[in-house]
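Top to bottom, those sequences are chains A and B.
Everything in the first sequence is counted per the numbering used here, starting at 512 for the first residue and increasing by one.
Everything in the second sequence is counted per the numbering used here, starting at 61 for the first residue and increasing by one.
Ideal placement from N, C-alpha and C gives every residue a C-beta, glycine not left out.
Here the structure is laid out as structure tokens; the discussion comes afterwards.
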Amino acid sequence: MNTVVKIENLVKRYKELVAVDHMNLSIKKGEIFGLLGPNGSGKSTIINCLLSLTEYDKGEITVFGEKMRADNYSVKGRIGVVLQNVAVFDELTVYENIDYFCSLYIKDKEQRKTLVQEAIAFVGLEDFTKFYPKKLSGGLLRRLNIACGIAHKPELIIFDEPTVAIDPQSRNKILEGIMELNRQGATIIYTSHYMEEVEQLCSRIAIIDKGQLVATGTKDELKSMIQTGETIRVEVPELTSEALFGLQKLSHVISVEYNDGLAIIKCSGGRHNVLHVLEYLSNTGTSFGRVFAEQPTLNDVFLEVTGKELRDEVQ
Amino acid sequence: MVHYVYRLKRLLRMRQLFFWSILFPLLLGTVFKVAFSDATSKDWGFVTIPVAVVTEEGATSEEAFVTFLREMKDGDTPFFTVTESDRETAETMLNDGELSAVIVMGEETKVLLKENGLNSTIVKTVVDGYLQSKDMFIEAAMKGKLSEVTEAFSEEVTTLSAKEFEGATTDPFVQYFQALIAMASLYGAMYGLMNTNELNQKLAYVSARRLAAPMRIVPTVVCDVAAAFTIQYLQFLINIVYFVLILKVDFGNVNGWLFLGGVFYSLLGVINGYFIGTVVQKSDSLQNSIMMGTTMFSCFLAGLMVGNIRMAIELTVPVVNRINQATLIADSLQALCIMGDLEKFASCIFGIVIWCVCLMVGSMLVVMLRQKRAGRSVAKA
Numbered sequence: 512m513n514t515v516v517k518i519e520n521l522v523k524r525y526k527e528l529v530a531v532d533h534m535n536l537s538i539k540k541g542e543i544f545g546l547l548g549p550n551g552s553g554k555s556t557i558i559n560c561l562l563s564l565t566e567y568d569k570g571e572i573t574v575f576g577e578k579m580r581a582d583n584y585s586v587k588g589r590i591g592v593v594l595q596n597v598a599v600f601d602e603l604t605v606y607e608n609i610d611y612f613c614s615l616y617i618k619d620k621e622q623r624k625t626l627v628q629e630a631i632a633f634v635g636l637e638d639f640t641k642f643y644p645k646k647l648s649g650g651l652l653r654r655l656n657i658a659c660g661i662a663h664k665p666e667l668i669i670f671d672e673p674t675v676a677i678d679p680q681s682r683n684k685i686l687e688g689i690m691e692l693n694r695q696g697a698t699i700i701y702t703s704h705y706m707e708e709v710e711q712l713c714s715r716i717a718i719i720d721k722g723q724l725v726a727t728g729t730k731d732e733l734k735s736m737i738q739t740g741e742t743i744r745v746e747v748p749e750l751t752s753e754a755l756f757g758l759q760k761l762s763h764v765i766s767v768e769y770n771d772g773l774a775i776i777k778c779s780g781g782r783h784n785v786l787h788v789l790e791y792l793s794n795t796g797t798s799f800g801r802v803f804a805e806q807p808t809l810n811d812v813f814l815e816v817t818g819k820e821l822r823d824e825v826q
Numbered sequence: 061m062v063h064y065v066y067r068l069k070r071l072l073r074m075r076q077l078f079f080w081s082i083l084f085p086l087l088l089g090t091v092f093k094v095a096f097s098d099a100t101s102k103d104w105g106f107v108t109i110p111v112a113v114v115t116e117e118g119a120t121s122e123e124a125f126v127t128f129l130r131e132m133k134d135g136d137t138p139f140f141t142v143t144e145s146d147r148e149t150a151e152t153m154l155n156d157g158e159l160s161a162v163i164v165m166g167e168e169t170k171v172l173l174k175e176n177g178l179n180s181t182i183v184k185t186v187v188d189g190y191l192q193s194k195d196m197f198i199e200a201a202m203k204g205k206l207s208e209v210t211e212a213f214s215e216e217v218t219t220l221s222a223k224e225f226e227g228a229t230t231d232p233f234v235q236y237f238q239a240l241i242a243m244a245s246l247y248g249a250m251y252g253l254m255n256t257n258e259l260n261q262k263l264a265y266v267s268a269r270r271l272a273a274p275m276r277i278v279p280t281v282v283c284d285v286a287a288a289f290t291i292q293y294l295q296f297l298i299n300i301v302y303f304v305l306i307l308k309v310d311f312g313n314v315n316g317w318l319f320l321g322g323v324f325y326s327l328l329g330v331i332n333g334y335f336i337g338t339v340v341q342k343s344d345s346l347q348n349s350i351m352m353g354t355t356m357f358s359c360f361l362a363g364l365m366v367g368n369i370r371m372a373i374e375l376t377v378p379v380v381n382r383i384n385q386a387t388l389i390a391d392s393l394q395a396l397c398i399m400g401d402l403e404k405f406a407s408c409i410f411g412i413v414i415w416c417v418c419l420m421v422g423s424m425l426v427v428m429l430r431q432k433r434a435g436r437s438v439a440k441a
């Protein structure tokens with residue numbers, strides 16, 4: 512696969528704060544590449560550097576094989592941007608906004624007309640073309656924001672937290688749209704602090720914390736990097752200390768916590784962990800209720816490599 | 061072109077800007093008209109001109125000349141109030157604005173003037189006329205027929221002056237409307253400021269989207285300026301039409317020049333905004349405060365609040381009037397409307413053009429330097 516974006520040794524400082532710390536990333540053609548990290552981890556700064564919207568202190572960014580600069584118009588013309596904040600003009604209607612932003616890339620009026628109609632249909636805003644942005648709901652605004660960024664059919668589309676503060680229905684619509692754009696051939700860079708979205712959407716993921724690249728790979732590769740392989744939750748009304756000790760002694764069990772009638776057993780790799788746990792509880796005469804077994808999440812990955820919860824950071 | 065059209069649409073749909081740049085001057089103009097309605101409805105006919113006669117060595121027939129000046133009348137109104145004085149005192153009075161002219165009689169007769177205008181032209185016409193027919197006036201005086209001769213000459217001067225100032229108005233309250241037009245024109249800075257901010261990523265999200273696109277900065281700025289200028293000039297036309305046709309303010313018959321002036325006034329306002337927006341890369345509110353503050357101060361110095369302040373500045377620190385933007389606009393209007401002086405009008409417009417060029421070049425340089433610096437930084441890294 513061809514490399515679409517290559518970031519080498521990127522450093523960006525804001526006075527004393529190092530926002531991006533020697534970042535190296537390589538994004539291949541056709542990927543949906545996720546940048547996952549808590550707020551303030553440096554995701555948007557990386558995007559701003561990538562788009563030459565901000566200066567950086569060190570490193571090199573190559574897009575489509577060319578060095579990215581503010582005046583590299585040929586490269587800019589192949590990129591679409593959907594930024595975190597809705598960036599449209601309040602005084603223009605939905606149609607006019609999309610047409611205006613498309614005109615920054617496409618000069619031919621007839622071609623633009625077709626592209627604008629396609630973008631409107633793609634985001635499902637057919638019934639709102641004459642509406643002004645202030646009359647749109649949050650979800651519809653986000654869709655307009657996306658349409659403005661993709662109408663010119665870019666080869667590389669950057670989505671910077673496009674689903675912040677919107678309803679689940681609009682979120683699903685947006686995520687489906689991103690997958691469709693990828694199916695149509697666009698390479699996607701998707702930044703988010705919602706791990707479920709990244710997990711659902713991205714073929715490769717980079718986990719970022721405090722401006723540093725913590726880990727990168729497919730979701731399975733990331734999960735295989737950590738010790739926790741499976742988390743088993745068992746409703747146990749009463750668990751004796753002997754039984755608790757016994758659970759900890761089972762093979763592949765890393766840790767056991769017991770609080771408010773719920774035993775949380777973390778296991779590394781191994782097979783039939785649930786069977787072994789339930790067998791042990793039965794043998795010791797411990798009664799139990801419902802049982803849940805979960806594969807590790809990206810939050811577990813984040814927790815293990817950074818020592819803190821991704822969710823907590825989001826809050 | 062697409063950019064220009066959408067820019068124009070957006071500016072026309074911005075209600076707040078529409079109010080400040082178009083409705084507010086109309087409202088203020090209406091208030092002026094109501095406040096000054098009694099004064100402006102008076103017949104602003106001929107007003108007696110204060111002059112001093114200084115007699116120096118070599119002067120002849122000065123008594124006849126002073127009598128001649130005192131005999132000159134427009135109906136019952138004397139042309140002149142004549143003070144006989146020494147040169148030093150007369151020049152001080154001229155500089156203090158107590159006199160319109162000093163006539164120095166010596167071997168040659170000279171006329172000292174503070175500034176050009178209707179009064180100055182009348183004085184010069186009368187003195188030249190007297191000198192050309194001096195013998196005739198002396199003889200008439202000796203025969204006791206000076207009154208008859210000066211009456212005929214007075215009529216001639218009145219007619220000549222009327223022709224000289226055809227199309228010019230003598231309504232002194234027009235100056236408030238001049239300052240008002242200056243204010244409305246300088247409010248064009250709001251459009252310029254908005255244009256700049258939409259190219260400043262730190263102040264507008266939408267600018268990040270535009271800057272991420274393959275958008276060349278110079279054509280974009282030109283389109284933005286063109287759209288802002290279009291709206292601002294439209295505002296100027298609306299103001300003039302409203303003042304002249306609805307409020308019946310007498311701007312004289314020099315509308316062609318007035319509309320040409322409007323082009324430069326509008327440009328100056330818009331470019332002011334560009335400059336502030338480019339140099340002051342801070343919050344919207346700070347930029348707006350600076351813009352409003354400088355505009356209102358400039359208009360204050362041009363006489364928007366205190367009618368005779370321009371004259372006071374002219375007598376004390378005239379350089380302020382040469383560089384103050386609102387005064388340049390108001391003076392150019394005064395040159396057209398009150399003095400009918402196209403030379404002074406052109407001089408004021410030249411001053412405005414100099415301002416426009418300096419501010420525009422300054423703004424463009426700052427923008428391009430910032431872009432280059434960003435590019436250099438990235439390349440260096």
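Contact with chain B by residue i, beta-carbon distance below 7 Å
i                 : result
Glu-824 (chain A) : Low per-residue confidence applies at Glu-824 (chain A): pLDDT is 46, beneath 50, and the placement is therefore not dependable, though the value from the model is reported in the following sentence. So, not an interface residue.
Tyr-611 (chain A) : yes
Phe-600 (chain A) : yes
Leu-655 (chain A) : no
Ser-454 (chain A) : The requested residue 454 (chain A) does not occur in the structure, where chain A is confined to residues 512 to 826.
Asn-608 (chain A) : no
Lys-523 (chain A) : no
Lys-664 (chain A) : no
heavy atom of the ligand MN below 6 Å from residue i C-beta
i                 : result
Ile-775 (chain A) : The ligand MN is not part of the structure shown, which contains no ligands of any sort.
Min CB distance residue i to chain A below 7 Å
i                 : result
Pro-279 (chain B) : no
Met-275 (chain B) : yes
Leu-271 (chain B) : yes
Ala-268 (chain B) : yes
Arg-75 (chain B)  : no
Arg-70 (chain B)  : yes
Glu-224 (chain B) : Reliability fails at Glu-224 (chain B), whose pLDDT of 48 lies under 50, so the model's placement of it is uncertain and the value that follows must be treated cautiously. No, its Cβ sits nowhere closer than 7 Å to a Cβ of chain A.
Proximity to residue i [Cα-Cα], best of the options
i                 : options                                    : result
Ala-717 (chain A) : A:Gln-711, A:Ser-752, A:Thr-727, A:Lys-554 : A:Thr-727
Tyr-265 (chain B) : A:Ser-555, A:Met-534, A:Asn-535            : A:Ser-555
Arg-715 (chain A) : A:Leu-521, A:Val-531, A:Ile-538            : A:Ile-538
Leu-789 (chain A) : A:Gly-650, A:Ile-743, A:Ile-518            : A:Ile-743
Met-420 (chain B) : B:Ser-358, B:Leu-327, B:Cys-359            : B:Leu-327
Gln-385 (chain B) : B:Leu-83, B:Leu-173, B:Leu-259, B:Met-243  : B:Met-243
Ile-657 (chain A) : A:Lys-684, A:Asn-550, A:Gly-780, A:Pro-807 : A:Lys-684
Ala-754 (chain A) : A:Thr-795, A:Asn-810, A:Glu-687, A:Ser-762 : A:Thr-795
Asn-810 (chain A) : A:Ile-543, A:Glu-519, A:Lys-526, A:Gly-548 : A:Gly-548
Leu-594 (chain A) : A:Leu-564, A:Asp-731, A:Lys-526, A:Asp-678 : A:Leu-564
Helix, strand or coil at residue i according to DSSP, with G and I counted as helix
i                 : result
Asp-532 (chain A) : strand
Val-186 (chain B) : helix
Val-209 (chain B) : helix
Arg-580 (chain A) : coil
Asn-550 (chain A) : coil
Asn-384 (chain B) : coil
Asp-671 (chain A) : strand
Val-764 (chain A) : strand
Cys-283 (chain B) : helix
Cys-778 (chain A) : strand
Ile-298 (chain B) : helix
Ala-804 (chain A) : strand
Cβ neighbour criterion (16 or more within 10 Å) applied to residue i
i                 : result
Val-515 (chain A) : buried
Glu-637 (chain A) : exposed
Gly-591 (chain A) : buried
Val-747 (chain A) : buried
Pro-478 (chain A) : For chain A, the structure presents residues 512 to 826; residue 478 (chain A) sits outside this window and is missing.
Gln-76 (chain B)  : exposed
Ile-383 (chain B) : exposed
Leu-346 (chain B) : exposed
Whole-Å CB distance - residue i paired with residue j, under 8 Å assumed
i                 : j                 : result
Thr-698 (chain A) : Glu-815 (chain A) : That pair is no contact at about 29 Å.
Ser-207 (chain B) : Ser-180 (chain B) : About 26 Å separates the two Cβ atoms, so there is no contact after all.
Val-531 (chain A) : Leu-521 (chain A) : 5 Å
Ala-804 (chain A) : Glu-707 (chain A) : Wrong, their Cβ atoms sit about 18 Å apart, outside the cutoff.
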